[in-house]
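> One gets the working numbering by counting positions in the sequence shown from 1 and adding 1 to each.
Where a beta carbon is used, it is the ideal one built from N, C-alpha and C, also for glycine.
Note that the structure is a prediction, hence the values are computed from the model and not measured.
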Amino acid sequence: MTAAAASTATTDTAADLVQSVDWAAVAPPTIAAVVGLVVLVADLFVPKERRRVLGWISLAGLAAALAALAPLRKGDRSTFCLTTDPGACSYTADHFTLVIQLLVLGGALLTALLSLTDTEEKLPAGEFWFLLLSSAAGAALLPASRDLATLVVALEVASLPAFALVGLKRGDRMSGEAALKFFLSSVTATAVSLLGVSFVYASTGTLHLTEIAQSLDDTPAQLATLAKAGVVLTLVGFAFKTAAVPFHFWVPDTYVGAPLPVAAYLSVVGKAVGFTGLILVTVIAFPSYADVWGPALSVLAALTMTVGNVAALRQVPTRAWSAVRLLAWSSVAQAGYLLVPIAAAAYSSDDQIGATVSYALMYAVVNLGAFAVAALVARTRPFNRVSDYRGLYATRPGTALAMGFFLLCLAGLPPGIIGLFAKVTVFQSAVDAGLGWLAVVMGLNVVIALYYYLQWTAVLFRAPEAPAEAGVARRAAGPAPLVLAIGLAAAAGVALSGYPQLVLRFTAATLF
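In structure tokens, the structure reads:
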């Protein structure tokens, strides 16, 4: 080969190795990450009395990240693809990605609204906003990840800042204990996931999800056991992240010890991250092992919804922090419902995933609204008992009506039509997949949940214990950001209840 030919070959090889980056596709998580760095640096120079501006910068950054989804609405963008196989990409902005990014970035935006007052009064502003935006960037990256390496990195970028957010109440023993439990459980989940990923890679020789699916179909007999162990361990790791039973033990204490906006964030965005990862690895990477993960997820779904509802039922209304604990156990039960369509996908088709996405959108709106009301009540009743909500209608009628609506949505009762619609969709997915026993278990759990949701709703409209204080409390307006967050969540819930088909149409195109 002549020197000129060698030079030309070297140039062509180098050109093949250079990948163009679709900056529009990666804009949503990138914007959140960049704004987080800007806030961290700005914190060094902004005077203490003007730290509120950091919160508004963060809100603007999250709004910009949401706006960056608009140019991607066709769902046909990919980047960081293999030069040898353009169809195998590490980042894909399809419809599924866009819907989940809308959910996590919208959830982070509402969390930021809840947090504006706390960062002025109780929490270090610079650290809080940097950690929140960093976690939101990881959560937005995860649904676009199409290889196991990117998936694990995104999962940890979303999780690691959350540990610090939970323990950010300095000098608070409960906050430190909650952060430690959350950290230890998440580290265990990560270790198990990485072991599973290493087994899968050893069996297939690739990390890209689509190529793993092809390789698992042709796994040599001597590697079959290793591949099956890798699939199981990877699923166990994600089960920790979703707080599925028996990997749920960290949830109640973590929610109680964390600042309430952080608990709201974990209950929605943190859960969405876990379920997104679970959907990606099961439906895209491991479809040939549906006979392994289908039954496992069915059993996990039944256990999770049952344990969550029974534990919520046992909460004593007069116990300190019983309202937060009830919401925590409720979130565990909701995780069980979210698992049902994923399990059903193993028995029928990937179309069932739309039911999980629909339910996740409903749950995100109403659960963030419920936590917003809890944050407002906690300003005057710091122990946040369920009994502290007695007579809320007499003191704050709008807040009580909103909370009642959120609870009825979670219960699946009118006027919370969106909650009923989401539960029927999930129930239908189990029936269509031939999982009649799981549909029966879900129906029984919905009935159990009615008791504690309706009990709390009734408390809101009882006469207050001290009627003389009602007028004073009525005149005490809550912080504007909190009121705005409650109003936005209620408005979204009412709109979706009036037109629930919008959710199904919106999520119908989320399949891969």
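1) Quick check on DSSP: helix, strand or coil for residue 94?
2) Tell me which residues share the same chain as residue 403 and place their Cβ nearer than 7 Å to its Cβ, disregarding the 5 neighbours each side in the sequence.
3) Under three-state DSSP, which class holds residue 406?
4) When you compare the CB positions of residue 341 and residue 427, do they come within less than 7 Å of one another, or not?
5) Helix, strand or coil for residue 323? Go by DSSP, reduced to three states.
6) Our contact map puts residue 155 next to residue 143 with C-beta atoms below 8 Å; I'd like the distance itself, whole angstroms only.
7) Am I right that residue 139 and residue 194 are in contact with their C-beta atoms under 8 Å? What's the rounded C-beta distance?
8) Could you tell me if residue 494 is buried or exposed, where buried requires 16 or more neighbouring beta carbons within 10 angstroms of its beta carbon?
9) If distances are taken between C-alpha atoms only, which option among 206, 261 and 279 comes closest to residue 123?
10) At 4 residues or longer, what runs of the alpha helix (DSSP H) sit wholly inside the stretch 11-73?
11) Which residues in the same chain as residue 285 place their Cβ atom closer than 7 Å to its Cβ, once the five residues preceding and following it in sequence are excluded?
12) Could you tell me if residue 226 is buried or exposed, where buried requires 16 or more neighbouring beta carbons within 10 angstroms of its beta carbon?
13) Compute the beta-carbon to beta-carbon distance between residue 207 and residue 216, rounded to the nearest angstrom, for a pair I have assumed lies under 8 Å.
14) Excluding the 5 residues flanking residue 93 on each side, which residues of the same chain have their C-beta closer than 7 Å to its C-beta?
15) Taking residue 235 as the reference, which of 149, 60, 398 and 137 has the closest Cα?
16) Flag this pair as touching only if the stretch 252-266 and the stretch 312-326 have three or more C-beta atom pairs under 8 Å; answer yes or no.
17) What first and last residue would you give for the beta strand (DSSP E) that runs through residue 380?
18) Keeping to the same chain, check which residues put their C-beta closer than 7 Å to that of residue 498; ignore five residues upstream and five downstream.
19) How about residue 424 and residue 413: are their beta carbons less than 7 Å apart?
20) Report the rounded CA-to-CA distance for residue 440 versus residue 432, giving the unit in angstroms.
21) Which runs of the alpha helix (DSSP H), 4 residues or longer, sit entirely within the stretch 219-307?
22) For residue 114 versus residue 482, is the C-beta distance shorter than 7 Å?
23) Measuring CA to CA, which of 339, 444, 96 and 264 is closest to residue 243?
24) Taking the alpha carbon of residue 229 as the point to measure from, which residue in 289, 180 and 191 has its own alpha carbon closest?
25) Rounded to whole angstroms, what's the CA-CA distance from residue 91 to residue 332? Just pull it up for me.
26) Give the single residue among 135, 196 and 182 whose Cα lies nearest to the Cα of residue 41.
27) Within 10 Å of its beta-carbon, does residue 185 have 16 or more other beta-carbons around it, so buried, or fewer, so exposed?
28) Measure from the alpha carbon of residue 388 to the alpha carbon of each residue in 462, 159, 157 and 451, then state which is nearest.
29) Give the straight-line distance between the Cα atoms of residue 220 and residue 204, rounded to the nearest whole angstrom.
30) Determine the DSSP secondary structure at residue 148, reduced to helix, strand or coil.
A quick look at the data gives this:
1) strand
2) 370, 374, 487 and 491
3) helix
4) yes
5) helix
6) 4 Å
7) Going by Cβ atoms, the distance from residue 139 to residue 194 rounds to 15 Å, so no, they are not a contact pair.
8) buried
9) 261
10) 28-43 and 53-68
11) 210, 211, 214 and 513
12) exposed
13) 6 Å
14) 79, 145 and 147
15) 149
16) yes
17) Taken as a continuous stretch (DSSP letters only), residue 380 belongs to no beta strand (DSSP E), as it is neither H nor E.
18) 416, 417, 418 and 419
19) yes
20) 6 Å
21) 225-243, 252-258, 261-266 and 272-280
22) yes
23) 339
24) 289
25) 31 Å
26) 135
27) exposed
28) 462
29) 7 Å
30) strand
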